[in-house]
Every structure is written in C-alpha cells, then in structure tokens.
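Let me begin by presenting the structure, written as structure tokens, before commenting on it.
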Amino acid sequence: MFLSVVVPCFNEEHGMTSLHEALVRVLPDLADTFEVLLVDDGSSDGTLTQMREVSRRDPRFRYIALSRNFGKEAAMLAGLSQARGDVVALIDADLQHPPELLGQMIDLLGKGYDQVVARRTRTGDPALRKAISKLYYRMINKVVDVELEDGVGDFRVLTRRAVQALLSLGEYNRFSKGLFSWIGFDTATIDYENVARQEGTTKWTFRKLLNYGIDGVISFNNKPLRAAVYLGGLVTLVAFCYVAWVIFQALTNGVTSPGYVTIMSGVLGLGGLQLLFLGVIGEYLGRIYYESKQRPHFLVKESSGPEHTPVTVPL
Ligand code: UDP
Ligand code: MG
Numbered sequence: 001m002f003l004s005v006v007v008p009c010f011n012e013e014h015g016m017t018s019l020h021e022a023l024v025r026v027l028p029d030l031a032d033t034f035e036v037l038l039v040d041d042g043s044s045d046g047t048l049t050q051m052r053e054v055s056r057r058d059p060r061f062r063y064i065a066l067s068r069n070f071g072k073e074a075a076m077l078a079g080l081s082q083a084r085g086d087v088v089a090l091i092d093a094d095l096q097h098p099p100e101l102l103g104q105m106i107d108l109l110g111k112g113y114d115q116v117v118a119r120r121t122r123t124g125d126p127a128l129r130k131a132i133s134k135l136y137y138r139m140i141n142k143v144v145d146v147e148l149e150d151g152v153g154d155f156r157v158l159t160r161r162a163v164q165a166l167l168s169l170g171e172y173n174r175f176s177k178g179l180f181s182w183i184g185f186d187t188a189t190i191d192y193e194n195v196a197r198q199e200g201t202t203k204w205t206f207r208k209l210l211n212y213g214i215d216g217v218i219s220f221n222n223k224p225l226r227a228a229v230y231l232g233g234l235v236t237l238v239a240f241c242y243v244a245w246v247i248f249q250a251l252t253n254g255v256t257s258p259g260y261v262t263i264m265s266g267v268l269g270l271g272g273l274q275l276l277f278l279g280v281i282g283e284y285l286g287r288i289y290y291e292s293k294q295r296p297h298f299l300v301k302e303s304s305g306p307e308h309t310p311v312t313v314p315l
C-alpha cells in the first residue's frame, strides 16, 4: 500500500521540525511506501525554506508552494491533486491531528470504508465557542442538503476513489466539510481528544469563522432563496390586506389620524426585509460570478520535483 499524507501549511515555520519527527515516527509502520506532501499556502515566514530543507534531507517529503495564500481549502486541494498514494491522509501541520491515530484509521479503511474521519471532542474549547458551534450545526443541518457534523473536520483518510471523486468536483467556492459528505461512500468515524496547538497560533479569526459559516449555508442548496420567495409572498399578502383595510376604514370613517407609526413601521420593516434578501440573492450571484470565471483554484510557484507541476485541478 502506498500512503500519501497531505499537510496544508500556512506560517508554520516553527512546527516543521516537530511535524517531520512526528510523521517519521509513525508512517513507516503504516504503509509499504509513503510520501508526505507539504503544501505551503503562501506563508510569509520561513515555512518554505524549512520545507526545502526537510525535503532535501528526506526525499519522502515533497513540497508544493502556492504563489500566494489561497486558503486551507485550496491548499488541501493542491495536495490532493498531487498525491500519488492508494490511500491519502489529510492532517494539519500543528499536530492538532495526532498522527498516531492514522494507524487505527487506515485499519478501518481496510474494512471496506472509503473515508475514515476523526471527530474531535470539544473539551478545552471556550464555553461560548462550544455553544455557538452546537447551535450552528443544529441550524445548518436543517437547512443544507448534506449532513454536517460538529467536531468533524479535515482530519481524515481517503481511498483513491474518494480522492478522485473530490477532485472531480470543480467548483471554485469549496466548503470541504460539505464536499466530503456530498461524495458519499461509506464513512467511518472515530473520536479523539482535542489537542492544543504545538507551535504558533490559530489562523482562524472570528471574521474567517463567520465567513466559513455563511459558506456552509450557501454552498449546498438554494433554500435561502426559496425562503426569500415565501417570506416575500407572505409580506406582500399581509400588506395587501392591510391596505385594503385602511382604504375601507377611510371610506367609512374618513381619515382620523396621520398614521405616522404605521407608515414608518411599514417602510422600515419592508426595507429591512428587502435588504436582507437582496443580500441573499447577492451571495448566490457572487458565487455564480466566481464560478463563471473558471479560474484555477491555486497557482504553484515552486515544488520539490519538476515532474509534478500541473497548475490546475484536473477536471
Ligand atoms: N492553513 C492553511 N491556509 C490558511 C490557514 C490555515 O493552509 O489560510 C493550515 C494551517 O497551517 C494548519 C491548518 O490549515 O495546518 C489548520 O489551521 P489552524 O491550526 O490555524 O486552524 P484550527 O486548528 O485553529 O482550526
Ligand atoms: Mg490547528
């Protein structure tokens, strides 16, 4: 069995040595041959220098450097598109995904699964963050067409055919959690305790998380647009009845009060709704705009082997 391990790295210069050590400790026992694909996602620190050094010393470690920071989704895709293994593992560079679990995960893969994911328990997370994710997943699962699960991230191993399936999805806006679920195949889950980051700091800001959350809702269906249609219809109906009633009142009793409050609430309420759903429509339009450009997901500026430098995802 040939195992590829894909590691997206963004500003991880301090973690590179411990990552190498941790991987060479476990990988040789797991597969006949293995390769590690380090993907430098446009780091601004010495990550790339470290990668060159690691791959010079240990040719089982290959690297690809993207031309700028394209985000973790693109970095993973870059790695997947270059991976040659029959089995491909995705792990984080900060050792928050313990490589020791890979053995157990690959064993499960041998039992006929195509994806094995590791689900982290949220112990140690701030209570607020925990509550928000719980709420988010409860809501999102009502809305989207694929099953998403809290704590299940990108730490997983995939068979070759699952990887090919992922690569065949050419969309520009990639929400991996949804894509992993969308491709289907039999999936097994194992649990592990949350581990603290070894080096450096998290690359997720609140803003990035919020955007990620919106991506999750928008990427997998058009229900928000549908909701806009229903709600718009309902509001129009209510408004129509109300206007009819006001005209009827005016005709029978004459105009009694200036009606400032009603007008203001009508204007503000409708204005708010319109803005909200213009935003929803805009989100979809924006996506269509990006998709229609058909841009590559990432560009490679350098890699350890000249033989592997395709620039886009094979579709
Ligand atoms: N990462 C990346 N590109 C980015 C942000 C993050 O390749 O734009 C990588 C990062 O180097 C790490 C993994 O994605 O290997 C997970 O990032 P991080 O540990 O910051 O996320 P968290 O564990 O806090 O969710
Ligand atoms: Mg991390």
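Numbering (UniProt numbering), first residue to last: 1 to 315.
All C-beta atoms, glycine included, are put in the ideal place defined by N, C-alpha and C.
Bear in mind the structure is a predicted one, so any value in this text is a computation, not a measurement.
Range of the contiguous alpha helix (DSSP H) that encloses residue i
i	result
Lys177	Ser176 to Trp182
Tyr137	Ala127 to Val143
Lys72	Lys72 to Gln82
Ser55	Thr47 to Arg57
Glu21	Met16 to Leu30
Ser304	Taken as a continuous stretch (DSSP letters only), Ser304 belongs to no alpha helix (DSSP H), as it is neither H nor E.
Gln249	Lys223 to Asn253
Gln104	Leu102 to Gly110
Euclidean distance between Cα positions of residue i and residue j
i	j	result
Leu315	Cys241	Interpretation of Leu315 is limited by its pLDDT of 40, a score under 50 that renders its predicted location unreliable; the figure taken from the coordinates is listed afterwards. Each residue's Cα considered, the two are about 53 Å apart.
Gly71	Ser265	43 Å
Glu35	Ala93	15 Å
Glu100	Leu270	56 Å
Ala162	Ile288	26 Å
Ser304	Pro59	9 Å
Arg84	Thr205	33 Å
residue 316	Gly254	Limits of the chain in this structure are 1 at one end and 315 at the other, which puts residue 316 out of reach.
Leu128	Val243	45 Å
Gly170	Phe248	57 Å
Tyr290	Gly282	12 Å
Phe130	Met76	Sequence check: residue 130 is Lys here, not Phe. Cα-Cα distance, rounded: 26 Å.
Asn221	Val54	43 Å
Arg57	Met51	10 Å
Same chain, Cβ closer than 7 Å to residue i, five either side skipped, listed in chain order
i	result
Ser219	Asn173, Phe175 and Gly178
Ile140	Leu148, Gly216 and Val217
Start and end residues, beta strand (DSSP E) containing residue i
i	result
Ile64	Phe61 to Leu66
Phe155	Val152 to Thr159
Ile190	Thr187 to Tyr192
Phe2	Phe2 to Cys9
Val36	Thr33 to Asp40
Arg207	Where Arg207 is concerned, there is no enclosing beta strand (DSSP E), although the alpha helix (DSSP H) it sits in stretches over Phe206 to Ser219.
Arg119	Gln115 to Arg120
Val146	It is not in any beta strand (DSSP E) - Val146 carries neither H nor E in the DSSP assignment.
Sequence-distant residues of its chain with Cβ nearer than 8 Å to residue i (five each side left out)
i	result
Asp86	Met1, Phe2, Leu3, Thr159 and Arg160
His308	Only weak support is given to the placement of His308: the predicted model assigns it a pLDDT of 49, under 50, and the value that follows is read from those uncertain coordinates. Arg62, Ile64 and Gln82.
Arg295	Tyr172
Leu273	Leu231, Gly232 and Val235
Proximity below 8 Å, CB of residue i to CB of residue j
i	j	result
Leu268	Gly216	no
Arg156	Leu90	yes
Ser44	Cys9	no
Asp32	Leu66	no
Val116	Ile190	yes
Ser168	Asp150	no
Ala22	Phe298	no
Leu27	Val5	yes
Val7	Leu30	no
Ser181	Val143	no
Leu225	Tyr284	yes
Thr47	Asn11	yes
Gly153	Leu95	no
Contact set for residue i: own chain, Cβ-Cβ below 6 Å, skip 5 residues either direction
i	result
Ala228	Phe277 and Val280
Leu108	Val116 and Ala188
Leu237	none
Gly103	Leu30
Residue i beta carbon near the ligand PLP (any heavy atom closer than 7 Å)
i	result
Thr47	The ligand PLP is not among the ligands present in this structure, which contains only the ligand UDP and the ligand MG.
Are there three or more Cβ pairs, one per stretch, closer than 8 Å when the stretch 189-201 is compared with the stretch 116-123? yes
Segment contact flag, the stretch 99-112 with the stretch 198-210, C-beta cutoff 8 Å, min 3 pairs: no
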